[in-house]
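A.B. asks:
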């Protein structure tokens, strides 16, 4: 439906987070941020994604998902490599709406923790 209607299926598509393993011999290290910003602007418009980036000073939405430290990019430089691996993870809002909250009693919390995790996995 979303593709035919030109809208997102979820009202909050989250913020795109980039986890990158980048070889120090990769040919375009210096322009990497600009390339990611350009792609994020394009997919925000084309998919579409909800624009979640707000300027921390002016409180204005950029409309592009680009702003100060947005999208977040976490880069690990790999020595003696020309490889590139990019993982894109939408975080926040509707992108993470499937969750489970449980409370652990202080007296037996650490003992029950493995059991709670097992139960969550079985129900997933």
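In this note's numbering, the protein residues as written are 1407 to 1530.
Glycine included, every Cβ here is placed at the ideal spot set by N, Cα and C.
Using DSSP with H/G/I as helix, E/B as strand and the rest coil, what is residue 1477?
C.D. replies: The answer is coil: DSSP assigns residue 1477 none of H, G, I, E or B.
A.B. asks: Are the CB atoms of residue 1422 and residue 1471 nearer to each other than 8 Å?
C.D. replies: The answer is yes: Cβ separation under 8 Å.
A.B. asks: Can the beta-carbon of residue 1479 be found closer than 8 Å to that of residue 1523?
C.D. replies: No, these two residues do not count as a Cβ contact at 8 Å.
A.B. asks: With a threshold of 8 Å on Cβ separation, who are the neighbours of residue 1460 within its own chain once the five nearest residues in sequence on each side are excluded?
C.D. replies: Excluding residues within five positions, the ones whose Cβ falls inside 8 Å are 1466, 1467, 1468, 1473.
A.B. asks: Could you check where the beta strand (DSSP E) with residue 1438 kicks off and where it finishes?
C.D. replies: From DSSP, residue 1438 is part of no beta strand (DSSP E) but of the alpha helix (DSSP H) over 1438-1452.
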